[in-house]
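> Quick note, the sequences are listed as chains A and B, same order.
Be aware that the first sequence starts at 215, since it is given in our numbering, and climbs by one per residue.
Be aware that the second sequence starts at 904, since it is given in our numbering, and climbs by one per residue.
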Amino acid sequence: ETGVTQTPRHLVMGMTNKKSLKCEQHLGHNAMYWYKQSAKKPLELMFVYSLEERVENNSVPSRFSPECPNSSHLFLHLHTLQPEDSALYLCASSQEGLTEINYGYTFGSGTRLTVV
Amino acid sequence: GESVGLHLPTLSVQEGDNSIINCAYSNSASDYFIWYKQESGKGPQFIIDIRSNMDKRQGQRVTVLLNKTVKHLSLQIAATQPGDSAVYFCAENIRGAQKLVFGQGTRLTINP
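#1: Using a 10 Å radius around the Cβ and a threshold of 16 neighbouring Cβ atoms, would you call A:A301 buried or exposed?
#2: On the premise that A:G324 lies in contact with A:Y303, defined as a C-beta separation below 8 Å, what is that separation, rounded to the nearest angstrom?
#3: A:V274 versus chain B: which residues are under 9 Å apart at the beta carbon?
#4: At a CB distance below 7 Å, what residues from the stretch 1002-1014 of chain B approach chain A? Give them in sequence order.
#5: According to DSSP, simplified to helix, strand and coil, what is B:D1022?
#6: Given a cut-off of 8 Å, decide if B:G1006 and B:A989 are closer than it, judged by their beta-carbon atoms.
#7: Would you mind telling me which residues of chain B sit closer than 9 Å to A:F321, beta carbon to beta carbon, in chain order?
#8: So with CB distances below 9 Å, who are the chain B contacts of A:G324?
#9: When the Cβ atoms of the stretch 917-928 of chain B are set against those of the stretch 972-982 of chain B, are three or more pairs found closer than 8 Å?
#10: Going by beta-carbon coordinates alone, are A:S307 and A:T328 separated by less than 8 Å?
#11: Would you tell me roughly how many angstroms separate the C-alpha atoms of A:S234 and B:I980, rounded to the nearest one?
#12: Spell out whether any CB of chain B is found under 8 Å from the CB atom of A:P297.
#13: Per DSSP, B:N925 is paired with what?
#14: Would you say A:P256 faces chain B, with C-beta separation under 8 Å as the test?
#15: What residue range does the beta strand (DSSP E) around A:H293 cover?
#16: With distances taken Cα to Cα, identify the nearest neighbour of B:K971 among B:S933, B:Q961, B:G944 and B:F949.
#17: What whole-angstrom Cβ distance do B:K940 and B:I950 have, given they're in contact under 8 Å?
#18: Contact criterion: CB-CB distance below 8 Å. Does A:L265 meet it with respect to chain B?
#19: Can you give me the Cβ contacts of A:S264 inside the same chain, cut-off strictly under 8 Å, excluding the 5 residues immediately before and after it?
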């Protein structure tokens, strides 16, 4: 295990369903991220939480709703998704320090989402 | 603009040979670079990093080279093994942005 746990590993949902993805980090990090990974595309940053406050929202449709109740947990709530939202959703965490250099992210294994 | 790209989407090498994966970046404000490895069914895993004040860094069987003049980053893997088969991503940290920008990835296949 990498220290970042994502559940579920696989999820199939209909376009009218509501589901949530969960991420938990055991590394004591203070920043967490949601990324979308589609085939043949770079990793797309969706949301950034630093010290439990959302600091970035990269023009993500409102059908994706993040929640960060504490520094160890991150959720991505999904509703009325489209088939093109099918992808691997990756959670990551990092330690944001006083310097601007980011010492890299630790990723979870992802949730493979299929929207039917 | 923000962009990190890889020259080749796929690379095949014979087991035991050395491999080189390349990456080009465009932002001169980038001060930190990372290579990640992503195996099938897993998330990206950190391999090696390098800061912009360095031009070379070595790890176990891996070396990262940074050429800031031409904004080029490479990952060299020595004596490749079957377990090296994966997708490799480069990522850059843009000073002040406090986020990583990822390249598209190169799929490395090790042939027996």
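Glycine included, C-beta positions come from ideal geometry on N, C-alpha and C.
Reading from the atomic positions:
#1: Locating residue 301 of chain A in the first sequence gives position 87, counting from the first residue. When all chains shown are included, A:A301 counts as buried.
#2: The residue labelled residue 303 of chain A in the question sits at position 89 within the first sequence. The residue labelled residue 324 of chain A in the question sits at position 110 within the first sequence. That pair is a contact at about 6 Å.
#3: As a first step, residue 274 of chain A is located in the first sequence; it is residue number 60 there, counting from the start. In chain order: nothing, as chain B lies at least about 14 Å away.
#4: K1002, L1003, F1005, G1006 and Q1007
#5: Since the first residue shown for chain B is 904 and the last is 1015, residue 1022 of chain B is missing from the structure and cannot be characterised.
#6: To locate residue 989 of chain B, count along the second sequence from 1; it is residue 86. To locate residue 1006 of chain B, count along the second sequence from 1; it is residue 103. Cβ distance not < 8 Å, so B:A989 and B:G1006 don't count as in contact.
#7: In the first sequence, the residue the question calls residue 321 of chain A occupies position 107. Result: Y939, Q941, K945, G946, P947, Q948 and F949.
#8: The sequence position of residue 324 of chain A within the first sequence is 110, counting from 1. Contacts between A:G324 and chain B, judged by CB atoms closer than 9 Å, involve G944, K945 and G946 in chain order.
#9: Below 8 Å, enough C-beta pairs join the stretch 917-928 of chain B and the stretch 972-982 of chain B to call them touching: three or more.
#10: Taking the first residue of the first sequence as position 1, residue 307 of chain A is located at position 93. Taking the first residue of the first sequence as position 1, residue 328 of chain A is located at position 114. Going by C-beta atoms, A:S307 is not nearer than 8 Å to A:T328.
#11: As a first step, residue 234 of chain A must be located in the first sequence, where it is residue number 20. As a first step, residue 980 of chain B must be located in the second sequence, where it is residue number 77. Going by the C-alpha atoms only, they are around 39 Å apart.
#12: Locating residue 297 of chain A in the first sequence gives position 83, where the first residue counts as 1. Taking Cβ atoms only, chain B never reaches closer than 8 Å to A:P297, which makes this a no.
#13: Within the second sequence, the letter at position 22 stands for residue 925 of chain B. B:N925 pairs with B:S977.
#14: For the purposes of this step, residue 256 of chain A is identified with residue 42 of the first sequence, where counting begins at 1. Yes, contact with chain B.
#15: Translated into positions along the first sequence, residue 293 of chain A becomes position 79. Residues H287 to H293.
#16: Position 68 of the second sequence, counted from the start, is the residue given in the question as residue 971 of chain B. When each option's Cα is compared against that of B:K971, the closest is B:S933.
#17: Locating residue 940 of chain B in the second sequence gives position 37, where the first residue counts as 1. Locating residue 950 of chain B in the second sequence gives position 47, where the first residue counts as 1. Confirmed, about 5 Å.
#18: What you label residue 265 of chain A is simply residue 51 of the first sequence in a count that begins at 1. Chain B, which has no Cβ nearer than 8 Å to the Cβ of A:L265, makes this no.
#19: For this step, residue 264 of chain A is matched to residue 50 along the first sequence. Closer than 8 Å at the Cβ level, and outside the excluded window around A:S264, lie N244, A245 and E310.
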